[in-house]
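Each residue of the sequence shown is one higher than the last, beginning at -6 in our numbering. Structure, as structure tokens:
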Amino acid sequence: MKRLKLFIGLLGLLMGMSVGQQAQHDAPLQRARAAADALFTRLLERLNTEYQQGGAERGVQVCAQVAQSLTRQIGREQGVQIRRVSTKNRNPRNAPDAWERQVLQRWERELKAGKEIGEVAEWRTERGKRVYRYMRPIKIATPLCLECHGTQIKPEVRRLIRERYPNDKATGYQLGDLRGAFSVQISQPKEAQ
Ligand code: HEC
């Protein structure tokens, strides 16, 4: 348990985690950050536990069962809409919309040009409604990610992934690559519209 906490702490540092607050009246940026922090920690904790108990094989099976419901649960707890997106998504539900795609592609270009990338946030008008949108990059920050997203995935793990995600695009990554993003949406409260 101690090792797990250390591991998560380290990853947090690697990915530039902020200390979030979750009260409804917080500024949207704080709320979006808190939701991304919470989802990141929760998914990683679960992944790490399952991995220690049954390797990547078990990790894939559990992840396939719980990733989406855990994501919805965090959204409810934090009072936001949150998901993970990627241009090379494994789960079809994690495909980016137009705005998300454009941010992901810009980050790819910036990384190629040797620039640093970081969170993006803006108010937008979508289908006549004001909505706050936030994205934070997710990188392949540890070799653990490569067991299921890398170039040399064990045949049994590959088989389990294919079985559950026939249209998987999320392999072939290397350490440090951009894997995707946390994406948060917050609607403007009714009285302010
Ligand atoms: C044990 C296998 C496994 C490991 C290890 C793993 N993932 Fe995944 N990953 C998955 C599965 C399965 C999904 C699809 C989850 C779903 O249905 O939403 C996924 C989905 C994702 C997504 C959502 C976008 C998409 O492709 O659908 C991101 C982002 C992601 N993983 C990043 C990471 C990062 C970063 C690491 C390392 C910290 C990591 N993963 C480690 C199995 C794994």
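Backbone N, C-alpha and C define an ideal beta-carbon position, used for all residues, glycine too. Note that the coordinates shown come from a computational prediction; the quantities given were computed from them, not determined experimentally.
| Item | Value |
| --- | --- |
| What I want to know is whether the C-beta of M127 ends up closer than 7 Å to one or more non-hydrogen atoms of ligand 1. | First, the amino acid is wrong: residue 127 is Tyr here, not Met. Not under cutoff, so the answer is no. |
| Would you decide whether A20 is buried or exposed? Buried here means 16 or more other CB atoms lie within 10 Å of its CB. | exposed |
| Three-state secondary structure (DSSP) at K147? | coil |
| According to DSSP, is Y166 helix, strand or coil? | coil |
| Do R76 and V59 have their C-beta atoms within less than 8 Å of each other? | no |
| Whole angstroms are fine: how far does the CA of I146 sit from the CA of S176? | 27 Å |
| Quick test of the definition: if touching needs 3 or more C-beta pairs under 8 Å, does the segment 40 to 53 touch the segment 121 to 133? | no |
| Compute the beta-carbon to beta-carbon distance between A25 and A114, rounded to the nearest angstrom, for a pair I have assumed lies under 8 Å. | 7 Å |
| Report the option in R86, V73, G52 and E70 whose CA atom is closest to the CA atom of L137. | G52 |
| Write down every uninterrupted run of the alpha helix (DSSP H) in the segment 70 to 113 whose length is 4 residues or greater and which is fully enclosed by it, in chain order. | 91 to 105 |
| Do E140 and ligand 1 come close, with the Cβ less than 7 Å from some heavy atom? | yes |
| Name, in chain order, the residues that DSSP records as bridge partners for L171. | K132 |
| Tell me whether the segment 79 to 90 and the segment 158 to 166 touch, counting them as touching only if at least three CB pairs, one residue from each stretch, are closer than 8 Å. | yes |
| How about L137: is its Cβ closer than 7 Å to a heavy atom in ligand 1? | yes |
| Please classify Y125: does DSSP put it in a helix, a strand, or coil? | strand |
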